[in-house]
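K.L.:
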Amino acid sequence: MLDIDYQILKIIYRTNGNARLKHIQDEIKTVKGIKIPLSTINSCIERLEKKKYVDWIRYSPLKLTERGTDLAKELIRHARLLELLLYNELELSAEEAHTESEKFNLLFSCETINRICEKYSHPEECPCGEEISNSSDCFCEKKV
Ligand SMILES: [Zn+2]
Ligand SMILES: [Zn+2]
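432 is the number of the first residue of the sequence shown in the numbering used here; add one for each residue after it.
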């Protein structure tokens with residue numbers, strides 16, 4: 432999965448079925464400081480749609496499919512566990528660890544992430560207090 436698709440997936444997940452293209456563009460601008468053309472966002476969403484992560488009736492807000500929701504939750508879980516690792520082992524601040532974890536989140540396999548989860552006895556919160564969902568099964572892209 433491309434980083435931009437991951438960003439978009441997260442935004443749609445967090446807006447709970449109210450995301451529109453313009454909203455996604457604004458959110459990315461806030462987080463990354465770059466204004467991505469709507470046409471680019473459009474092709475990302477078409478890619479997510481093709482993989483059945485997004486339901487999109489044109490001109491309506493975007494919604495994740497069940498499969499898309501599962502993937503978003505799992506990838507957010509990955510990021511929070513990486514955050515915990517950075518915080519505990521490198522003594523980054525909670526905030527730094529939170530931001531840094533997003534930068535390389537997509538590079539790790541589920542197996543590696545699950546090692547982190549085991550190492551810290553299946554933590555329920557990340558250092559800055561967000562919930563870490565428990566995964567009995569993995570919804571990562573390559574497995575679905
Ligand atoms: Zn996973
Ligand atoms: Zn956090």
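Here a beta-carbon is modelled for each residue, glycine too, at the ideal position from N, C-alpha and C. Note that the coordinates shown come from a computational prediction; the quantities given were computed from them, not determined experimentally.
Do L512 and I544 have their C-beta atoms closer together than 8 Å?
P.N.:
yes
K.L.:
Would you kindly work out how many angstroms separate the C-alpha atoms of V462 and I442, rounded to a whole number?
P.N.:
11 Å
K.L.:
Which whole-angstrom value is the C-beta distance of C571 and H529, which I expect to be below 8 Å?
P.N.:
That pair is no contact at about 21 Å.
K.L.:
Are three or more beta carbon pairs between the segment 449-456 and the segment 485-495 nearer than 8 Å?
P.N.:
yes
K.L.:
Out of L537, L516, K534, E531, point me to the one whose CA is closest to H553's CA.
P.N.:
L516
K.L.:
For I439, count the other beta carbons within 10 Å of its own beta carbon; 16 or more makes it buried, fewer makes it exposed. Which is it?
P.N.:
By the beta-carbon neighbour count (other beta carbons within 10 angstroms, threshold 16), I439 is buried.
K.L.:
Taking the continuous alpha helix (DSSP H) assigned at C557, which residues delimit it?
P.N.:
That residue, C557, is in no alpha helix (DSSP H); it is neither H nor E in DSSP.
K.L.:
Relative to the C-alpha of I467, which residue among E542, I435, E520 is closest?
P.N.:
I435
K.L.:
Which of the three DSSP states, helix, strand or coil, is assigned to L495?
P.N.:
Note: L495 maps to strand in three-state DSSP.
K.L.:
Is C548 close to ligand 1? I mean its beta-carbon at under 7 Å from any heavy atom of the ligand.
P.N.:
no
K.L.:
Could you check where the alpha helix (DSSP H) with A528 kicks off and where it finishes?
P.N.:
525-534
K.L.:
Please report how far the alpha carbon of E458 lies from the alpha carbon of I547, in whole angstroms.
P.N.:
29 Å
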